[in-house]
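A short write-up of the structure that comes next.
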Amino acid sequence: MTPRRKAVELHCHLDGCVLPDTIEALAREQGVELPRPAAELATVRPGCSSLIEYISAIDVALAVLQTPEALFRAATELVDQWAADGVLHGEARFAPELHLRRGLTMAEVVAAVADGLRDGAARTGVDTSLILSWMRPSPPAVSWRVVETAAANPDVIGVDIAGPEVGVPLVPHADAMRAARDAGLRVTVHAGEADTAREMWEAIDELGAERIGHGVKAVHDPVLMWRLAADTITLELCPTSNVQTTAVASLAEHPIETLRHAGVPISLSTDCRTTSGVTIEDEYRSLQAAFGWDASVWNETQGSALRAAFLPAERRPAVEERFATSVR
Ligand SMILES: [Zn+2]
Numbered sequence: 167m168t169p170r171r172k173a174v175e176l177h178c179h180l181d182g183c184v185l186p187d188t189i190e191a192l193a194r195e196q197g198v199e200l201p202r203p204a205a206e207l208a209t210v211r212p213g214c215s216s217l218i219e220y221i222s223a224i225d226v227a228l229a230v231l232q233t234p235e236a237l238f239r240a241a242t243e244l245v246d247q248w249a250a251d252g253v254l255h256g257e258a259r260f261a262p263e264l265h266l267r268r269g270l271t272m273a274e275v276v277a278a279v280a281d282g283l284r285d286g287a288a289r290t291g292v293d294t295s296l297i298l299s300w301m302r303p304s305p306p307a308v309s310w311r312v313v314e315t316a317a318a319n320p321d322v323i324g325v326d327i328a329g330p331e332v333g334v335p336l337v338p339h340a341d342a343m344r345a346a347r348d349a350g351l352r353v354t355v356h357a358g359e360a361d362t363a364r365e366m367w368e369a370i371d372e373l374g375a376e377r378i379g380h381g382v383k384a385v386h387d388p389v390l391m392w393r394l395a396a397d398t399i400t401l402e403l404c405p406t407s408n409v410q411t412t413a414v415a416s417l418a419e420h421p422i423e424t425l426r427h428a429g430v431p432i433s434l435s436t437d438c439r440t441t442s443g444v445t446i447e448d449e450y451r452s453l454q455a456a457f458g459w460d461a462s463v464w465n466e467t468q469g470s471a472l473r474a475a476f477l478p479a480e481r482r483p484a485v486e487e488r489f490a491t492s493v494r
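The opening residue of the sequence shown carries number 167 in the numbering used here; numbering runs sequentially from there.
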């Protein structure tokens, strides 16, 4: 048996990880017509020019993820992908507001995904956590509904804000985030990907973010890097996705090494396995080629990912034990 690799994936969008074959099968079952093969529609094209274009590649998966059966299947298959990729602990996130087109309630949508993750975890032994996102352009009424839904489902451990950044302020969501924290939910926020480091300060100081999704723009703000290091606010970096969305110009110019050497806690994720067309193992090999990373650097970043994981206290010792006995 191959020894388990040490991978912890914190930033993974369920709807960006649906296998193209699954999209095809669900479309057939549901009578949804696809204009082109799912593999083409769901994977970002070379020459993608923005975060907005990247996000649009998820539309085809959203078209078929509108029933409990489809949501369950996407979730359980994500856990299979983690197991095959050496992931010991994986955190799935998605925005329930995008799955209400066929009349499901948010609570039903979340229950189907939670069931799928639990099924996958039971079959594979991968430890999983569930984070609910809402979209940044959504009105506060939506953020409040997501927080209520999250607080009511014990399978949900945290909340997140995703979606377009430029020109869409974070601060209107501050009250809902405060309610989420008061309900004991963990908080991560997408920021500093398409927009500037300034909004990362808002995510931390106004919204109480414990982790930041992407946050590559922190490299332009030395005081912010100091703050991230001092308060152990972990960045969820997704190198391939960061290049595809043009948050960084190329992998060679990715600020990951500058951030790491500045003491900023970093973690590595795929963002969207299908949209980006990568696994965690692919990311490791790319970083090895670009920056000469070896297993010790990998294990250090995976260790900081595990420390930042949204893991209930009762599950943490078992995951840490498996991490300690796994090899890169
Ligand atoms: Zn993301």
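All residues carry an ideal CB built from backbone N, CA and C; glycine is no exception.
query                                                                                                                                                                          : result
Shorter than 6 Å, the distance from the beta carbon of Asp552 to the closest heavy atom of ligand 1, or not?                                                                   : No statement about residue 552 is possible, as the shown extent of the chain runs from 167 to 494 and does not include it.
Three or more beta-carbon pairs under 8 Å between the segment 425-443 and the segment 397-404, yes or no?                                                                      : yes
Would you call the segment 457-474 in contact with the segment 225-239, where contact means no fewer than 3 C-beta pairs closer than 8 Å?                                      : no
Could you please give the first and the last residue of the uninterrupted alpha helix (DSSP H) stretch that includes Arg364?                                                   : 364-371
Need the endpoints of the alpha helix (DSSP H) that Ile446 sits in, please.                                                                                                    : 446-457
Quick one: grab the DSSP three-state call for Ser295.                                                                                                                          : strand
Applying the criterion that 16 or more other CB atoms from any shown protein chain within 10 Å of the CB defines a buried residue, is Met167 buried or exposed?                : Per-residue confidence for Met167 stands at a pLDDT of 46, beneath the threshold of 50, marking its modelled position as unreliable; no derived number is given.
Provide the residue(s) that pair with Met301 in DSSP beta bridges, ordered along the chain.                                                                                    : Ala328
Hey, could you find the ends of the beta strand (DSSP E) Gly182 is sitting in?                                                                                                 : First-last for Gly182: undefined, no H or E at that position.
Can you grab the Cα-Cα spacing for the pair Asp181 / Met272, in whole Å?                                                                                                       : 15 Å
Give me, in chain order, the residues of the same chain whose beta-carbon lies closer than 6 Å to that of His386; leave out the 5 immediate sequence neighbours on both sides. : Ala363
With Arg259 and His380 assumed to form a contact (beta carbons below 8 Å), what rounded beta-carbon distance in angstroms separates them?                                      : With 8 Å as the limit, Arg259 and His380 do not qualify as a contact, their Cβ atoms being about 13 Å apart.
What residue does the alpha helix (DSSP H) around Gly282 start on, and which one ends it?                                                                                      : 272-290
Do Val279 and Leu237 have their C-beta atoms within less than 7 Å of each other?                                                                                               : yes
Could you check what DSSP says for Ile218 in three-state terms: helix, strand or coil?                                                                                         : helix
What three-state label does DSSP hand Ser492 in the structure shown?                                                                                                           : coil
Going by Cα to Cα distance, which pick from Ser215, Ala193, Ile189 is closest to Asn408?                                                                                       : Ser215
Beta carbon of Trp367, beta carbon of Ala342: below 7 Å?                                                                                                                       : no
Taking DSSP's pairing of strands, which residues face Val308 in a bridge?                                                                                                      : According to DSSP, Val308 bridges with nothing at all.
Got a sec? Which residues, its chain only, sit under 6 Å from Asp281 by beta carbon, not counting five neighbours each side?                                                   : Phe238
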